Amino acid sequence: MLYAIETSGITKHFNEITAVNNISISVKPGELFGLLGPNGAGKTTLINMLSTMTEPSGGSAKVWGFDVQRQAGSVRQNIGMVFQGTTLDDRLTGRENLDLHGRLYGLDSKTRKNRINEVLSLVELTDRADAIVKTYSGGMMRRLEIARGLMHHPHVLFLDEPTLGLDPQTRLHIWEYIKTLNKEEGVTIMLTTHYMEEADHLCNRIAIIDHGEIVALDTPEALKNSLGGDVITLGLENPDDITRLCEAYQKNGCANIVSRKMNEVFITVKEGERQIPHVLALASKAGIPIQSVSLRKPTLDDVFIHHTGRAIRDKEVTEVEKVEYKLRSRRK
Amino acid sequence: MVNAAVNRAIQTVYTMWLREMIRFSRSKSRIIGALATPLFFLVILGTGFSSSFQVKGGGAFDKSYLAPGLISMAVLFSSLMGGVSIIWDREFGFLKEILIAPVSRFFVALGKAIGGVTTAMIQGILIMIIAWLIGVQYDSIWGILAAMVIMFVSGIGFIGLGIALASKIESHEGFQMVMSFLTMPLVLLSGAFFPISNLPGWLKALVYANPLTYCVEALRFFLLGHSTIPISLSIAVLLIFSLSMIALGGRLFGKMRV
Numbered sequence: 303m304l305y306a307i308e309t310s311g312i313t314k315h316f317n318e319i320t321a322v323n324n325i326s327i328s329v330k331p332g333e334l335f336g337l338l339g340p341n342g343a344g345k346t347t348l349i350n351m352l353s354t355m356t357e358p359s360g361g362s363a364k365v366w367g368f369d370v371q372r373q374a375g376s377v378r379q380n381i382g383m384v385f386q387g388t389t390l391d392d393r394l395t396g397r398e399n400l401d402l403h404g405r406l407y408g409l410d411s412k413t414r415k416n417r418i419n420e421v422l423s424l425v426e427l428t429d430r431a432d433a434i435v436k437t438y439s440g441g442m443m444r445r446l447e448i449a450r451g452l453m454h455h456p457h458v459l460f461l462d463e464p465t466l467g468l469d470p471q472t473r474l475h476i477w478e479y480i481k482t483l484n485k486e487e488g489v490t491i492m493l494t495t496h497y498m499e500e501a502d503h504l505c506n507r508i509a510i511i512d513h514g515e516i517v518a519l520d521t522p523e524a525l526k527n528s529l530g531g532d533v534i535t536l537g538l539e540n541p542d543d544i545t546r547l548c549e550a551y552q553k554n555g556c557a558n559i560v561s562r563k564m565n566e567v568f569i570t571v572k573e574g575e576r577q578i579p580h581v582l583a584l585a586s587k588a589g590i591p592i593q594s595v596s597l598r599k600p601t602l603d604d605v606f607i608h609h610t611g612r613a614i615r616d617k618e619v620t621e622v623e624k625v626e627y628k629l630r631s632r633r634k
Numbered sequence: 014m015v016n017a018a019v020n021r022a023i024q025t026v027y028t029m030w031l032r033e034m035i036r037f038s039r040s041k042s043r044i045i046g047a048l049a050t051p052l053f054f055l056v057i058l059g060t061g062f063s064s065s066f067q068v069k070g071g072g073a074f075d076k077s078y079l080a081p082g083l084i085s086m087a088v089l090f091s092s093l094m095g096g097v098s099i100i101w102d103r104e105f106g107f108l109k110e111i112l113i114a115p116v117s118r119f120f121v122a123l124g125k126a127i128g129g130v131t132t133a134m135i136q137g138i139l140i141m142i143i144a145w146l147i148g149v150q151y152d153s154i155w156g157i158l159a160a161m162v163i164m165f166v167s168g169i170g171f172i173g174l175g176i177a178l179a180s181k182i183e184s185h186e187g188f189q190m191v192m193s194f195l196t197m198p199l200v201l202l203s204g205a206f207f208p209i210s211n212l213p214g215w216l217k218a219l220v221y222a223n224p225l226t227y228c229v230e231a232l233r234f235f236l237l238g239h240s241t242i243p244i245s246l247s248i249a250v251l252l253i254f255s256l257s258m259i260a261l262g263g264r265l266f267g268k269m270r271v
């Protein structure tokens, strides 16, 4: 088996809306792989298909060598899943939740006992293990869910927005646990997130997803380097000058235009500190007044803007999200 | 290979049963509430009825007469509740944890049913004991044991019905509606509170179409030694009801999406 996760042309339609469109990815064993994209990009749908919770409409996928449609049982035995919302029984204690999980996955009593203590200490919940889950904080619940996902020694762990709705400090903690278990337990991890820093900090490789399609896929470093250096933001007095300025830079070939927004132009150059004077000189030669200049290292946000033309945080509601919302509210 | 599969099935059923037991043991107020209602009926209605009415054709109309009906009512409430609690599991997300586990859905549903029937029987038996303590006389020890079997069979049937409903109902508001539109008619049309031998035709038809009637009648036969409906018919109807409901519940639960 070459890959822990392998999809080929996997697709999901909800009625006439395409949530996931023809995605083919391969994840090697031991990788920490991130799916980064805005809400409604299709990340959760993809992860649900890989974990056998949703039937694909087309294409195929293998997880740990098993086909998600024809060998769903074997896939389930080999994966751990941490869903977006809580899926704990809040009337039970943490330990009881883990114990029931172990039983459902066929672990014998001795294995369960040892493993419960192992995973509890991994997420530092040992002293709260016998408290009813109802009394846990949001961060503790999430940690317990991660511990539970690991109970049965899965080869592949899916984490759907593992730090959604958690405070920054708890988020950092969860990041540490994720890194530790990837390293110490050797688990292949696929996580979805719409936090750039999270993907950047944690993942070996990232697939940027938008409207159900992969727009870029590489290591965080390579993604950022693909922009061609440091990001210089130029603020213009007159937005009408933008096109002329872009042309000037393109003709000169000294910089890549990454994107533009209102009266700002984002360009990338190698060794930004040295290039600023040159960039400004070109502008004044073209007779375009510049109001402000700033220089920074590129972020994944820049990569996302470069590929999709908008920021990941722009909370536009996509069609898929509308459908998902409708489905959810119909149940309520 | 076959052995492993059987072990796995037993383990699944046991796990789901264990969960119901832990939850049940933590809900003491629910247990007290479930016992208090029939107790009030038994004491107050029993005394009130016996001072004014008599069963046509002889026989006292007192707490002994009411006891089988109240046991049936407790079994109905708690087993229907046990099945319908799947709605809560969905609302609070735990259902996903069960559905993604590498186990058969059928055995999950069966485990849940056996867990629910256990709680239903505990409540039914407690009411049986309370009724005895306040003076209801039972026929024989064999009758009591047979009555427990009847509680089990009926409980399984109503849990199956509950699971089937839960798989179709999409919200917990819907659940409230089902509980009032289903449980009250079932109880009132069962002969738990009035003799069914001298009813007008339309009411008789409804009473005889109600599975709970056969539970009440069978319990009355085994506990008190007499019943209007022949015991063989009651047992046959309950068995058919139970098997078809658990099959229906298991089937719909298997198709359920989160």
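Going down the list, the protein sequences come from chains A and B.
Note that the first sequence covers residues 303 to 634 in the numbering used here.
Note that the second sequence covers residues 14 to 271 in the numbering used here.
Built from N, CA and C at the ideal position, the CB exists for glycine as well.
A quick note: this is a predicted structure, and the numbers were derived from the prediction, not measured.
- The alpha helix (DSSP H) runs of length 4 or more contained entirely in the stretch 577-608 of chain A do not exist; there are none.
- Scanning chain B for C-beta atoms nearer than 9 Å to the C-beta of S353 (chain A) yields I113, reported in chain order.
- Judged by DSSP in its simplified three-state form, T389 (chain A) adopts coil rather than helix or strand.
- DSSP places K41 (chain B) inside the alpha helix (DSSP H), whose first and last residues are K41 to F53.
- As a beta-bridge residue in DSSP terms, T490 (chain A) pairs with A:V458.
- Note on P81 (chain B): 16 or more other CB atoms within 10 angstroms of its CB, so buried under the neighbour-count rule.
- Shown in chain order are the members of the stretch 382-415 of chain A whose Cβ falls below 8 Å from a Cβ of chain B: M383, F385, G387, T388, T389, L390, D391, D392, R393, L394, E398, L402, H403, R405, L406, Y407 and G408.
- In the three-state reduction of the DSSP assignment, E357 (chain A) falls in the coil class.
- In this structure, T25 (chain B) keeps its C-beta atom at 8 Å or more from the C-beta atom of S98 (chain B).
- Note that the stretch 356-366 of chain A does not touch the stretch 396-411 of chain A; fewer than 3 beta-carbon pairs, one per stretch, sit closer than 8 Å.
- Neighbours of T25 (chain B) across chain A, judged by C-beta separation under 7 Å: L406.
- Contact with chain A is found for K109 (chain B), since one of that chain's Cβ atoms lies less than 8 Å from the residue's Cβ.
- Under DSSP, V220 (chain B) takes part in no beta bridge, so it has no partner.
- Measuring C-alpha to C-alpha distances from I248 (chain B) to each of B:F235, B:L31 and B:A260 identifies B:F235 as the nearest.
- Taking C-beta atoms as the reference points, V581 (chain A) and V560 (chain A) fail to come closer than 8 Å.
- A:L525 is the residue among A:L525, A:Q371 and A:P600 whose C-alpha sits nearest the C-alpha of I508 (chain A).
- Within chain B, not a single residue places a beta-carbon under 8 Å from that of G441 (chain A); the smallest gap is close to 17 Å.
- Put simply, the CB of R445 (chain A) is far from chain B, with every gap to its CB atoms at 8 Å or more.
- Secondary-structure assignment with DSSP links A249 (chain B) through no beta bridge to anything.
- The C-alpha of G344 (chain A) is placed about 47 Å away from the C-alpha of A87 (chain B).
- M383 (chain A) sits in a strand when the DSSP states are folded into three classes.
- Here A126 (chain B) carries a helix assignment [DSSP, helix/strand/coil].
- Among the bridge pairs identified by DSSP, S310 (chain A) is matched with A:S362.
- L55 (chain B) and R393 (chain A) have their C-alpha atoms roughly 32 Å apart.
- Residue environment analysis places I57 (chain B) among the exposed positions, since fewer than 16 neighbouring C-beta atoms fall within 10 angstroms of its C-beta.
- Going by DSSP, N399 (chain A) is part of the alpha helix (DSSP H) stretching over G396 to L406.
- Residues of the stretch 130-142 of chain B with a C-beta less than 7 Å from any C-beta of chain A: none at all.
- Under a criterion of Cβ atoms nearer than 7 Å, the residues of chain A adjacent to V116 (chain B) are, in order, L406.
- The way I'd put it, the stretch 149-157 of chain B doesn't touch the stretch 106-115 of chain B; fewer than three beta-carbon pairs between them come closer than 8 Å.
- About 6 Å separates the Cβ atoms of T610 (chain A) and V517 (chain A), confirming a contact at the 8 Å cut-off.
- DSSP places K572 (chain A) in the coil class of the three-state scheme, outside both helix and strand.
- Under the Cβ distance rule, G375 (chain A) counts among the residues neighbouring chain B, one pair being separated by less than 8 Å.
- For L538 (chain A), the secondary structure class from DSSP, reduced to helix, strand or coil, is strand.
- Within the stretch 28-54 of chain B, T28, M29, L31, R32, I35, R36, R39 and S40 place their CB atoms closer than 9 Å to a CB of chain A, listed in sequence order.
- Counted as a single uninterrupted DSSP element, the stretch harbouring I99 (chain B) is not any beta strand (DSSP E) but the alpha helix (DSSP H) occupying residues I99 to E104.
- With its beta carbon at least 8 Å from every one in chain A, G148 (chain B) lies outside the interface.
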